[in-house]
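Asker: Each position in the sequence shown, counted from 1, maps to that position plus 23 in the numbering used here.
Ideal Cβ positions, reconstructed from N, Cα and C, are used throughout, including at glycine.
Sharing a structure, written as structure tokens. Questions coming.
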Amino acid sequence: LLKRIIRVDHVEEYKVPKYHEDIDEETRKIWEDGCAPKPIAVQQEDDLEDVDPVETLKKKGAVDKDGIIKVDKALEKQLRKEQRRLKKETKKARKEEKRRKRKLEEQLELDKKIEDNASWKKQKKLIDLGPVKEEEIYGSNEHFNFGKPKKEIPPPAAHNPRPDFEKADWRDIEMWKAVREKEKQEKGEKETNWKEEEHYLPSRFRKE
């Protein structure tokens, strides 16, 4: 068999196995069906190729005279229902997409407003522009002076202006001190017409 020699003299000594109820399923299947290969079921394709599927459907009554397949009423109803459901889901998905897009646009607009409001530190303020007149705040309308006389804002010092010791940088303060000491050495001390210092004295200690 297939160029091999098979000895079958051991078949004479073969003994039928004893049947036991507690054997496993695989062993029982081998005992009942045997271990020989089973024949392969081959379909007759030649006969099937000669049969016309349309003729078969016509015999069953599933095709009309024009060759159109008849649809069962229950199946047609189910298909129509499924079509309506798909149309409804498509419409719902389109609405959801529009709503999500509109919400995204509103969020972007809100973020832009928040960013504009949060960037006030970067914007120029009136205090950064120096002394500001009321006309620049209220405009050139005379009715916004509230009956007060116009106050002329003195121009800032052009030479060695005194810095604010609480807010100014220490370098500016030291430069101002150095320039002032140099001016004192060149021009001398400035004369002041201050009156003599007076201390408070309670009435019981006063001598009239």
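Lys126 by DSSP, collapsed to three states: which one?
Answerer: Lys126 falls in the helix class under three-state DSSP.
Asker: Contact between the segment 171-189 and the segment 197-209 is defined here as three or more beta-carbon pairs at a separation below 8 Å; is this criterion met?
Answerer: Contact between the segment 171-189 and the segment 197-209 is present, because at least three Cβ pairs lie under 8 Å.
Asker: Going straight from the alpha carbon of Ile137 to that of Lys121, what length do you get?
Answerer: Roughly 24 Å separates the two Cα atoms.
Asker: Does DSSP classify Trp193 as helix, strand or coil?
Answerer: In the structure shown, Trp193 sits in a helix (DSSP, three-state: H, G or I).
Asker: At the level of alpha carbons, what is the spacing between Glu112 and Glu78?
Answerer: Answer to the nearest angstrom: the Cα atoms are 40 Å apart.
Asker: State yes or no: is the C-beta of Ile176 within less than 7 Å of the C-beta of Pro186?
Answerer: No, the pair does not count as a contact, with Cβ atoms beyond the cut-off.
Asker: Got a sec? Which residues, its chain only, sit under 8 Å from Arg229 by beta carbon, not counting five neighbours each side?
Answerer: So the list is empty, once near-sequence residues are dropped.
Asker: Counting along the chain, where does the alpha helix (DSSP H) carrying Thr215 start and finish?
Answerer: Taken as a continuous stretch (DSSP letters only), Thr215 belongs to no alpha helix (DSSP H), as it is neither H nor E.
Asker: Is DSSP giving Ala97 helix, strand or coil here?
Answerer: In the structure shown, Ala97 sits in a helix (DSSP, three-state: H, G or I).
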